[in-house]
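Scroll down for the structure; my scribbles are underneath it.
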Amino acid sequence: MIEVIKGDITKIKVDAIVNAANTSLLGGSGVDGAIHKAGGGAILEDCKKIRSKQGGCKVGEAVITTAGKLPAKFVIHTVGPVWNNGNNNEDMLLSLAYSNSLKLAADHNVQTISFPNISTGIYRFPKYQAAKIAFKTVTDFQTTSDLIKQIIFVCFDIENYNIYNELLKSENIDF
Ligand code: ADP
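full-length UniProt numbering numbers the first residue of the sequence shown as 1 and each following residue consecutively.
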């Protein structure tokens, strides 16, 4: 089941919340900052351990940590692409950020997961295009696996919320 809500992802009670992180895994602004702030230092501790093992997280990949004080079991940190006018494989990399997060979640028996609108903040990915990629990727995943029961898109800004609702309602999304 796919749901769309408007709100703050740090408040959502699910098995895993996804963070739009950066390659350093050391925290940043936007949703990344909000997650580390609300979840406490345990998340950064785990991120640092991952960094010392594999040197951060590449664009399109995902890693998993504790959720610290958040009302979730895990935080899945993925890195979306910075928008560069479509010249750097951004569509594919954004899709990979969603699909690799879902795979990692399924490996950890996650049944409920919430996503922010990855790359549509500081990374400036066009919102409608990003939302279509997000829907297509999670829909494709659900046709191959029924391990994850509930996928929630948590929109923070009204523009994304309106776009996601429009896509959720349209029966024949033209991808
Ligand atoms: P990126 O660098 O991937 O663009 P940002 O954090 O700048 O990451 O933005 C990604 C999306 O997260 C944006 O749509 C922004 O509005 C949204 N966002 C910011 N804070 C929160 C929050 N607390 N909960 C959910 N979404 C948030």
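For every residue, glycine included, the Cβ atom is placed at its ideal position computed from N, Cα and C.
Answer yes or no: the CB of residue 31 versus the heavy atoms of the ligand ADP, is any distance below 6 Å? yes
Taking the beta strand (DSSP E) that residue 155 falls in, what are its first and last residues? 150 to 155
Spell out a yes or no on whether the stretch 84 to 103 and the stretch 42 to 50 are touching, meaning 3 or more CB-CB pairs, one atom from each, closer than 8 Å. no
Where residue 146 sits in the DSSP three-state scheme: coil
Tell me whether residue 117 counts as near the ligand ADP, meaning its Cβ is closer than 6 Å to at least one heavy atom of that ligand. yes
Own chain partners of residue 56 with C-beta closer than 6 Å, once the 5 adjacent residues on each side are dropped: 23, 24 and 25
Give the straight-line distance between the Cα atoms of residue 170 and residue 18, rounded to the nearest whole angstrom. 25 Å
Please report the straight-line C-alpha distance between residue 27 and residue 163, rounded to a whole angstrom. 27 Å
Please tell me whether residue 131 and residue 168 are closer than 7 Å, where the distance is taken between their beta carbons. no
Got a sec? Which residues, its chain only, sit under 6 Å from residue 149 by beta carbon, not counting five neighbours each side? 111
Do residue 99 and residue 154 have their C-beta atoms within less than 7 Å of each other? no
With a threshold of 6 Å (Cβ to nearest heavy atom), would residue 121 be considered close to the ligand ADP? yes
Would a C-beta distance cut-off of 7 Å place residue 80 and residue 119 closer than the cut-off? yes
CA nearest to the CA of residue 93, picked from 20, 5 and 10: 20
Pairwise C-alpha distance: residue 134 and residue 161: 13 Å
Kindly say whether residue 121, judged by its beta-carbon, lies nearer than 7 Å to any beta-carbon of chain B. The question asks about chain B, but that chain is absent: this structure has only one protein chain.
Rounding to the nearest angstrom, what Cα-Cα distance links residue 139 and residue 34 in this structure? 27 Å
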